[in-house]
Structures are given as C-alpha cells and as structure tokens.
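Those sequence lines, one after another, are chains E and G. Residue numbers for the first sequence follow our numbering, beginning at 28 and rising by one. Residue numbers for the second sequence follow our numbering, beginning at 104 and rising by one. Contents: one structure, followed by commentary.
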Amino acid sequence: MHEAPKTLSDYRKNIDEALKDDYLRKTLDTFAVAYRAGRDAVFQEVDEKTLIKQIADAKDDACQHMEELYAQFKAEAEKRGVIVHRAATAIEANDIIARIAKENGCKRIVKSKSMTAEETQLNVRLEEDGLIVDETDLGEWIIQLRHEGPSHMVMPAIHLNRYQVAEDFEKATGDKQDTDVQKLVKVARVQLRRKFMNADMGISGANFCVAETGAIATVTNEGNARMVTTLPRVHVALAGLDKLIPTLDVAMTALQVLPRNATAQRLTSYVTWMCGASPCAASPTGKKVMHVVMLDNGRTAIAKDPLFSQIFRCVRCGACANVCPVFRMVGGHKMGYIYIGAIGLILTYFFHGRDNAKALCQNCIGCESCKNVCAGGIDLPRLIREVRARLVDETGNNAMGAMMGAMMTNRKAFHTLLKFAKYAQLPFTGGDVQFQRHLPAILLGKHDFKALPAIANKSFRDRFPAIKQNVTSPRMRVALFAGCAQDFVYPEQLEAAVKLFNAHNVLVEFPMEQTCCGLPLDMMAQRKASIDVANQNVKAFEAGRYDYVVTLCASCGSFLKHSYPELLAASGKVHEVAAFSGKVIDFSSFVHDVLGVTKKDFNNYGEKVTFHAPCHLCRGLGVKEAPRALIADAADYVPCAEEEVCCGFGGTYSMKFPEVSGQILAKKLDNVAATGATRLVTDCPGCVMQLRGGAEKRGMKLKVTHMSELLAESMKK
Amino acid sequence: MSEMTPDVVENFKIKAGLVGAVVTEQPSLAAAVQYVVDVCANKSPCEILADEPEAAVGPEKGPNGMPTRAKRIIAAPEIDKAVFADLAAKAEAQGFACLSEGLRKHLAGIDVGLSFAICGVAASGTCLVAGTQEDTRLAGMIAEINVIVLKKSTIYPDLPSVCGILRDLQKDAAVNYSTFITGPSRTADIERVPATGVHGPLELHIILLED
Numbered sequence: 028m029h030e031a032p033k034t035l036s037d038y039r040k041n042i043d044e045a046l047k048d049d050y051l052r053k054t055l056d057t058f059a060v061a062y063r064a065g066r067d068a069v070f071q072e073v074d075e076k077t078l079i080k081q082i083a084d085a086k087d088d089a090c091q092h093m094e095e096l097y098a099q100f101k102a103e104a105e106k107r108g109v110i111v112h113r114a115a116t117a118i119e120a121n122d123i124i125a126r127i128a129k130e131n132g133c134k135r136i137v138k139s140k141s142m143t144a145e146e147t148q149l150n151v152r153l154e155e156d157g158l159i160v161d162e163t164d165l166g167e168w169i170i171q172l173r174h175e176g177p178s179h180m181v182m183p184a185i186h187l188n189r190y191q192v193a194e195d196f197e198k199a200t201g202d203k204q205d206t207d208v209q210k211l212v213k214v215a216r217v218q219l220r221r222k223f224m225n226a227d228m229g230i231s232g233a234n235f236c237v238a239e240t241g242a243i244a245t246v247t248n249e250g251n252a253r254m255v256t257t258l259p260r261v262h263v264a265l266a267g268l269d270k271l272i273p274t275l276d277v278a279m280t281a282l283q284v285l286p287r288n289a290t291a292q293r294l295t296s297y298v299t300w301m302c303g304a305s306p307c308a309a310s311p312t313g314k315k316v317m318h319v320v321m322l323d324n325g326r327t328a329i330a331k332d333p334l335f336s337q338i339f340r341c342v343r344c345g346a347c348a349n350v351c352p353v354f355r356m357v358g359g360h361k362m363g364y365i366y367i368g369a370i371g372l373i374l375t376y377f378f379h380g381r382d383n384a385k386a387l388c389q390n391c392i393g394c395e396s397c398k399n400v401c402a403g404g405i406d407l408p409r410l411i412r413e414v415r416a417r418l419v420d421e422t423g424n425n426a427m428g429a430m431m432g433a434m435m436t437n438r439k440a441f442h443t444l445l446k447f448a449k450y451a452q453l454p455f456t457g458g459d460v461q462f463q464r465h466l467p468a469i470l471l472g473k474h475d476f477k478a479l480p481a482i483a484n485k486s487f488r489d490r491f492p493a494i495k496q497n498v499t500s501p502r503m504r505v506a507l508f509a510g511c512a513q514d515f516v517y518p519e520q521l522e523a524a525v526k527l528f529n530a531h532n533v534l535v536e537f538p539m540e541q542t543c544c545g546l547p548l549d550m551m552a553q554r555k556a557s558i559d560v561a562n563q564n565v566k567a568f569e570a571g572r573y574d575y576v577v578t579l580c581a582s583c584g585s586f587l588k589h590s591y592p593e594l595l596a597a598s599g600k601v602h603e604v605a606a607f608s609g610k611v612i613d614f615s616s617f618v619h620d621v622l623g624v625t626k627k628d629f630n631n632y633g634e635k636v637t638f639h640a641p642c643h644l645c646r647g648l649g650v651k652e653a654p655r656a657l658i659a660d661a662a663d664y665v666p667c668a669e670e671e672v673c674c675g676f677g678g679t680y681s682m683k684f685p686e687v688s689g690q691i692l693a694k695k696l697d698n699v700a701a702t703g704a705t706r707l708v709t710d711c712p713g714c715v716m717q718l719r720g721g722a723e724k725r726g727m728k729l730k731v732t733h734m735s736e737l738l739a740e741s742m743k744k
Numbered sequence: 104m105s106e107m108t109p110d111v112v113e114n115f116k117i118k119a120g121l122v123g124a125v126v127t128e129q130p131s132l133a134a135a136v137q138y139v140v141d142v143c144a145n146k147s148p149c150e151i152l153a154d155e156p157e158a159a160v161g162p163e164k165g166p167n168g169m170p171t172r173a174k175r176i177i178a179a180p181e182i183d184k185a186v187f188a189d190l191a192a193k194a195e196a197q198g199f200a201c202l203s204e205g206l207r208k209h210l211a212g213i214d215v216g217l218s219f220a221i222c223g224v225a226a227s228g229t230c231l232v233a234g235t236q237e238d239t240r241l242a243g244m245i246a247e248i249n250v251i252v253l254k255k256s257t258i259y260p261d262l263p264s265v266c267g268i269l270r271d272l273q274k275d276a277a278v279n280y281s282t283f284i285t286g287p288s289r290t291a292d293i294e295r296v297p298a299t300g301v302h303g304p305l306e307l308h309i310i311l312l313e314d
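Right, here's the structure in full:
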C-alpha cells in the first residue's frame, strides 16, 4: 500500500523515481499505442457514442433513484436467500464482513478482485482478526505478495516485469521459477487451486447489482471469481451503492462498452450472474451462505451533488488511465491513490480525503483524452478542475494561484506587466528575438528540456491599429480573440491570419478590452478569477456584430465555446454568453469550412510538413479534418505517428510538472523526427511554444509554426 | 428461437475463433458425444493440482510438475439420461470415468467437462451456460477442457437480444447462477502477455449442433 503524496514537492520526487523506471516506461509506451489500435478495432462493430450516451443516461437515472433501487434489490435478493447489508462507512463495511467470518467460523478466505475492497482496505482489517486472506486474481495475488496496491484498476500489476514476478513466486513457493510468462501463469493455477479448495469464505466485488432480480454480476477473465463464489461455503460480495442498476438491460448496454474499453475485448471470458444463494455441497445446509454488503462511504451525498453525481457513471474500466499521457509516463502508483487514472484523482478526494487528494489532483494535463473514451461520458478534466477549486475553497488558496488570480483579473495591470517583461528579459535573450538564451540555470531548474520563448517586442494589440486592411466591401466581419500567448509572444501568427483573411475579403476587428480566456486560472483553481475574466471577455465582444469570433488558440477556443456557458450559468447573462460562444470558431475550421479555401488558393512548394493535433482542437472542439486538408492543400502533408497525443504543454501543467512535460514532449519529437518533415505545423500557440522550444533545444532542423503562418506564406498573391 | 440467419452463425464462429475457442459443427448429439470422447482421448492426462488421496496417479508428471490422473475423467452433469448413457459407454470403452455428479471430490482437476448452452451471442462468440446446480457449474470450471454444445437455432446477434432469456432465468426463480462464457480462462496480468488457462479451462470447445 503506497502513501499518497501530501505536497507538490514530495509528489515531484515520487514522479522523478517513476520516470527513471525504464521497464515501466517501455511497458506503458507499448501499451498506450497497442491499446488505442485494439480499442478502435473492437468499437467498429458497435455504435460507440450512442452506447456511451445510453450508459450515462441509465446510470444518471440510477443515481437519482439510489434509495428505491437499494430497497428493491434488497427485497429481491432476500427473497432468494441472500442477506443484504448496508454500510455507512468503510470501517463499517469491514466490520460487517469480519463479523460474518466470525459468525460462520471462517478462517481461510479467498478473494477475487474488488476495487471496493481496496477502497475500504478490507484485507488489513481481516488480517488483524487473524484471518488468512488470499487474493486469487493473478495480478492482485502478485501485488499482495509484494505488499503493494494496484497500479491499474484492471491490470493491477502492470508496473512489474516477469523477473520481479518470478522472484516473488520463488519466495512464495520456495521453488526456483522459470521466467517464462506462460509458466508463471501456471504457478498461480497450481498454487491457488488448493487455496480455493481449503477456503471457508469467498469475497468478491460486483460490477452490477440488479434491482429487478436481486442478482449480482462479476466481469472477469481468469475464472477465479467463479471459483471464489462457488467453492467456499460462505460468499460475501462487497459493492458500492453506485453499482445498483434497475434492470438487466442496463447491464447489457454497459457490457458492450466495459470490456471493449478496458482491454479491447468484445466480452471478457466470464460474466457471472448470481441470483440468490445457490446450492453448495460444502455448506451443512446444502445452501450457500450469501451476503451482499452495499457500501455508502459518502456515495449518497455525492449522488445529490448536481455536478459530481456523474462520477457514478464510472464502470471501472480503467480506460481513463489507458489513454492518459501522464499515466503513460509515471504509471498508476503516481497517478492515483487507490483508484487510478483520471477518475482516481476525483475519487481520492471523495473517498480518501483532501490530504490524499490535494497534490494528486494537480497531475492532470487537461488534454481531454480520458473524457473522449470514458464509458460513461464523464467530463473528467472539468471535474478535476472542480476538485482543485473546491480544495482552494476548503483549505485556502495557494500563494501562486492567488497572485495569478489577483493580477489577471485586472486586465490593464496584467497587460502592462507583460509589456514590461520584455525589458526584464533583455539580458537573457542576447538579442535573439525568439528565445531566452541566458536564463541562469537556477531560474530554469527542471525546465531546461525546452528553450523558453521571449516576449515579443511589440504586442499584437499594439500592432493592430497600424495594420492596413485593404478590404473594400467585406463579405464578412470577424473579431479575433488573441489569447495571451499570441498577443504578447507570437503576434506574427495573428498578423499572418489577418493577411489571409483580408485576401479572402474578410474584415478583421480586434476588441481591445479582451483579456486572458481564463483557462490557466481555472487550471490553477482560481474559479472566481476565471469567472471574472470570462465576464470581461463576453462584454468586450458584445458591442460588435461579428459574423464569427475566430481564435488561433485551440485551448482558448475550447474554453470559450464549451466552458463559458458552464462557468457563467449563474451570471444572469445566459443568452449573451450563448450568443458569444456560438460564434467562436477555430482558425482551421474557419478557413477551410467557412471561407472554403482550396488547393487553388495556394502555391504548393512541396515542402514536407507534418502536423501536431492540439488536444483542445481534436478533442476539445472535435476538429479533425480541416487542418489536415489545409496542410495537404498548401504543402506535402506527411502524417505523424500519434498525431493526436498531447505535446506535454498543458499550460500551467508544464510549470508544475516540468519533468513529465519534458518526457511527453520527447516522445512527440521522436515521432515528428521519424516523419522526415522539415516543418511541423499546429493550431495552438501553446503547442508551438512547447514544440519549438523542444526542437530548438535538441538542435533539430525543424521549423515549427502555426497553421496561419504556413497558409499565409503559401497563399497566392 | 432466434431469427437465425447464416450470418449470425458465421459471425458467431468468427468471434468465438478470435478468442481462441475451438468451434466445430456436428450433425447430431451422437456425433457430439463421440467428439467429446475423442477430445478426452487426444489430450494429455489431467494434472492433479491438489491433494486427492483416492486418485490413481499415472506414470508421468504434467507440464507443471504435478502428478497426472491414471484414469481420465469426463464430467457431464444435468444431461439427458440416454445421452449420458451413450457418453458413459463410449468413455468407459476408452478407460475413462464418466461422472454426472460428485465433482467436489475431484476439485484438483478433471479432463473434460461437458456443458449445454442455453443460448449463444454472435457479436462476441459467447455462450450462456447454466450453473445453478453445483456439479453443472463445476464441470465447466475445474475441467482442463470445457466442451459446450450450442444449438445453432439458439444463437442471437448481440447481448441486448438475449436479455429476455437471462431475465426469464432470474425473474421468478428461487435461485439462479449462470455465466456468459467467451473463450477459455485468460489473463494478461504479467507484462500484458496473453496467456490462457489461469484458473479455469485451458481450452474451450464449442460444438454447433443442427436442430
């Protein structure tokens, strides 16, 4: 059982260790790539989005009717000879199970995998009572032998290699073990069979508790859950109240997604339905002694929370870890406490308290990969930001966040600071206009994986009034939303856009009162400040009747479009916000879909260009075709492996976890280098900052630009 | 009866094959019985994974260093009496034991367990198998090879289309234990390397029966 880090600096030290574990890195890398391909293949046969929606709706409904479902489940199960208990807390659940063991004179217990039993730390309690507890899921058995917790909800021992397992098995059996995986698996077959036979009590979890029939179901591959629930004379199932569903139909829907999402299987080897206490020859009565313990541990309170109740859509498939770029780098022991992955960061806060959650919940890069695959369609990145905001409310603000909040809500002061920063950095740029060359190492610390950009000499807002737009009778009027990075670091990206738009007879305006979109503030848990700047921005664009609000920053775009209506839901300006968000469009979609730009508009010089799909473009805004089509129109587009995987920037994330950010970037640049492209194009200034800085640091012969620059350079005059 | 189409049967065969099940088509129950006996004859004798004092031990150790059964065991609980008689006769002719009950005495492992599916699910190559009676359940759990007989007419396209069947099993029953079985017991818990035969059967055979 590992400890959760209590401070960010402890957490960074933990992560450093994980990053040095070459085996872990290689395994998780291979897994990340293989998982995506496997998942895609098995989802081709079903309607993924519809199924996910059905699961979300059904589980939301179940959550609203938790008490009725519990009553119905209990009545139906008890009709069939099962005793149903309700435990308010983890301790109470453990007490109930220990009491059942005592009342039935049980000494030896076999367990099949249960995350809920991990949540309550059941084994610890049972062992205190002198009971012998053996895990029988292979992965769980291995980590039990090592006294560790699971590093993945579905593959608990994914962090270990065959040599470590062989060593553990040698200690457990006293025999020399072969390191061949097939043989190691059979060690478990041989060793655990006698444990199944000798046990008096079996403990399982449950994936579903079906109210209409009082049945429980387990979803497994090894067959150990069938042994655990069949051979011993007593069976206790432990399940959270969130596992209650009204009908078998809901389970059938979820079963089409859960195995596909978890392990890219169409169905697991065994889905076992236990409806009532079945015949059992080992029991003196000839009938199994069967108990179901339903655990609350805060669940009824969460069920009433209008935002967080959606966490009960979780079916524990572990997909949020499988696709997480951070998990890929650091592994599950550093990406959760007991529950792992994005959902783990949230559940830790609810089930295991603020102290265990406050450092962990910082470790989300916000790439939305998890949200994109979640079996229940849970908005995981948003909920993680929400947990951070609540922690600030409950435990007080951090100095850095509070300073940012105070500074950035005052637009004039913030922009003045940015403008003055260009003087402050002078000694460090050495006259180079792009990078800060001479930052002392002490200031750079762990950020030395990329060259940091210099603040532009003159911001876009100061350049804009001087730009001559030769548009006589414009077909459209658009407003640019710049975002801080382009306004103050990369104004040339916006100038390129203006040039392109003008050439297509579009007049550009730049509302001067616009400010930071608020995403960095929200990532830093500065909820009040992010609402404040959101209001400022809506107001800044209100007066002009623009056809579109175009942004060249995918992160700003996604935040303006999807998060503003949520953030400002209580602002009393719902219609104004909806009107603003409705007009927001990303650069590539605007150029490709609205302006209808084609091959004919470009001189294609045959430059080999590859693409990085920003997280908030391909997932946040769902834009996939437009940027690739534009590159192919203007140049020789060479696709890149893992094009839609995060570059490691994540805004403030790269400041909080520079080591992880640097490793994700390294992977990205390896893939880019393998394309042989001479230019890398992307649609977000944050990604440009990260990728250009990394390429520069590595000395790659690679030009990294925004899409707007490629298009403006290639357009026919 | 499902709206059986050749497509559903073909899809079932493909999907069951993808998870490592051995799928065969047999014209009659008699032929299926012969198949079961042949499977038992062609396998190496079952390893005895735990103490079973009365078990006769064969001359050779199994692949995992455990003793093996001198007399192979086929288990076929809850089947038609005439079919069981036929199976038992054929098994005994080969020197195998054929049991319809009392499997708790042989939890250390048996050779072949015969099960009859309630229905099949084409989309995943799955069989729904009854197991309320303990021996019926054990036959498919402790056998090295589980053979499931599935009538082609009971193969349905997907999980939602068998939901009613599962509900009927549970709804008014005093008790029911049944399992969707898809391929043999498997794991990828060590280095994500796929391996079969962890705690359950090493092999799964499905006999598709015309009816």
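All C-beta atoms in this analysis are idealised placements derived from N, C-alpha and C, irrespective of residue type, glycine included.
Residue from the options with nearest C-alpha to residue i
i, options, result
"Ala483 (chain E)", "E:Val214, E:Val357 and E:Leu444", "E:Leu444"
"Gln204 (chain E)", "E:Lys213, E:Ala193 and E:Val212", "E:Ala193"
"Val350 (chain E)", "E:Ser305, E:Asp323 and E:Cys397", "E:Cys397"
"Leu737 (chain E)", "E:Ala597, E:Cys673 and E:Lys635", "E:Lys635"
"Leu219 (chain E)", "G:Ala153, G:Asp110, G:Asp238 and G:Ala119", "G:Ala153"
"Tyr97 (chain E)", "E:Arg438, E:Phe617, E:Glu44 and E:Val319", "E:Val319"
"Val505 (chain E)", "E:Val516, E:Asp613, E:Tyr297 and E:Ile230", "E:Asp613"
"Ala120 (chain E)", "E:Val687, E:Val516, E:Ile329 and E:Gly325", "E:Gly325"
"Ala512 (chain E)", "E:Arg260, E:Ser305 and E:Gly678", "E:Gly678"
Cβ of residue i within 8 Å of any chain E Cβ
i, result
"Ala317 (chain G)", "Nothing can be reported for residue 317 (chain G), as the shown portion of chain G is limited to 104 through 314."
"Leu132 (chain G)", "no"
"Gly286 (chain G)", "yes"
"Val278 (chain G)", "yes"
"Cys266 (chain G)", "yes"
"Val296 (chain G)", "yes"
"Val215 (chain G)", "no"
"Asp292 (chain G)", "yes"
"Val301 (chain G)", "yes"
"Thr257 (chain G)", "no"
"Ser227 (chain G)", "yes"
"Ser218 (chain G)", "no"
"Thr282 (chain G)", "yes"
Close Cβ partners of residue i (< 6 Å) along its chain, the five nearest in sequence each way excluded
i, result
"Asp261 (chain G)", "Ala226"
"Lys367 (chain E)", "First, the residue type needs correcting, since residue 367 (chain E) is Ile and not Lys in the sequence shown. Hits under 6 Å: His179, Met180, Ala348 and Gly359."
"Gly633 (chain E)", "Asp663"
"Glu529 (chain E)", "Reading off the sequence, residue 529 (chain E) comes out as Asn, not Glu. Result list for Asn529 (chain E): Gln496 and Val498, in chain order."
Contact test: residue i Cβ vs the ligand MG heavy atom, cutoff 7 Å
i, result
"Asn497 (chain E)", "No copy of the ligand MG occurs in the structure displayed, which carries no ligand at all."
Below-8 Å beta-carbon distance, residue i vs any chain G residue
i, result
"Gly303 (chain E)", "yes"
"Asp276 (chain E)", "yes"
"Glu72 (chain E)", "yes"
"Ile185 (chain E)", "yes"
"Gly166 (chain E)", "yes"
Close-in-space but distant-in-sequence residues of the same chain around residue i (CB under 8 Å, 5 per side omitted)
i, result
"Asp406 (chain E)", "Gln337 and Lys398"
Sheet register partners of residue i (DSSP bridge)
i, result
"Gln129 (chain G)", "G:Leu312"
7 Å Cβ shell around residue i - same chain, five flanking residues per side excluded
i, result
"Asn630 (chain E)", "Ser741 and Lys743"
(message) Under 8 Å, with one C-beta from each stretch per pair, do the stretch 280 to 295 of chain G and the stretch 235 to 245 of chain G reach the 3-pair mark?
(response) A contact exists between the stretch 280 to 295 of chain G and the stretch 235 to 245 of chain G.
(message) Within 8 Å, do at least three Cβ pairs link the stretch 709 to 720 of chain E to the stretch 576 to 585 of chain E?
(response) A contact exists between the stretch 576 to 585 of chain E and the stretch 709 to 720 of chain E.
(message) Is it the case that the stretch 638 to 648 of chain E contacts the stretch 680 to 689 of chain E, given that we only count it when at least three CB pairs across the two stretches are under 8 Å?
(response) A contact is defined here as three or more CB-CB pairs under 8 Å, and the stretch 680 to 689 of chain E fails this definition with respect to the stretch 638 to 648 of chain E.
(message) So, does the stretch 540 to 548 of chain E touch the stretch 426 to 438 of chain E, judging by three or more C-beta pairs under 8 Å?
(response) Taking 8 Å as the limit for Cβ pairs, the verdict is that the stretch 426 to 438 of chain E does touch the stretch 540 to 548 of chain E.
(request) Decide if the stretch 205 to 216 of chain E is in contact with the stretch 300 to 307 of chain G; the criterion is three or more beta carbon pairs, one per stretch, under 8 Å apart. (result) Contact between the stretch 205 to 216 of chain E and the stretch 300 to 307 of chain G is present, because at least three Cβ pairs lie under 8 Å.
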